[in-house]
Amino acid sequence: EKKKIVDKYDQYYRIIGVDEKTSRKQIKLTHWILTHTSANPGQDKLKRVNIAYTNIMDPDKVLHYRNAVASVNKSRNELAAKLQLEWQRELEQSDLRLREA
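Numbering (the working numbering), first residue to last: 92 to 192.
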């Protein structure tokens, strides 16, 4: 579930053309440019931009997103550490078998 939240918010940031470190002022300006220029490609794009903007400008939703990112990253790091430990053990066992042979 947290991975879905992260993916959804990553998509929101891509739609607006900013990242999570972009200032609120710059996000507002970018949103205004996207929604008030003749370059606006249509209602579907405008709807997606507005949904993305609404979500990334809501402090509670952004906090939820950042917590999800932290949780996903923690899970990935724990998995990577576990896999590295297993790989190291297998390597050590292989080395012992070679020495015994």
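No residue lacks a Cβ here, since even glycine has one placed at the ideal position from N, Cα and C.
Expected contact under 8 angstroms - CB spacing of residue i and residue j to nearest Å
i	j	result
Ile147	Ile107	7 angstroms
Arg163	Lys93	First, the amino acid is wrong: residue 163 is Val here, not Arg. Yes, Val163 and Lys93 are in contact; Cβ-Cβ is about 5 angstroms, under 8 angstroms.
Member of the options whose CA lies at the smallest distance from the CA of residue i
i	options	result
Arg139	Asp98, Thr126, Ala159, Pro150	Thr126
Asp98	Gln179, Lys116, Arg157	Arg157
Under 8 angstroms between C-beta atoms of residue i and residue j
i	j	result
Tyr103	Asp110	no
Tyr100	His122	no
Residue i burial status per 10 Å Cβ neighbour count (16 or more: buried)
i	result
Ala171	exposed
Ala161	exposed
Ile118	buried
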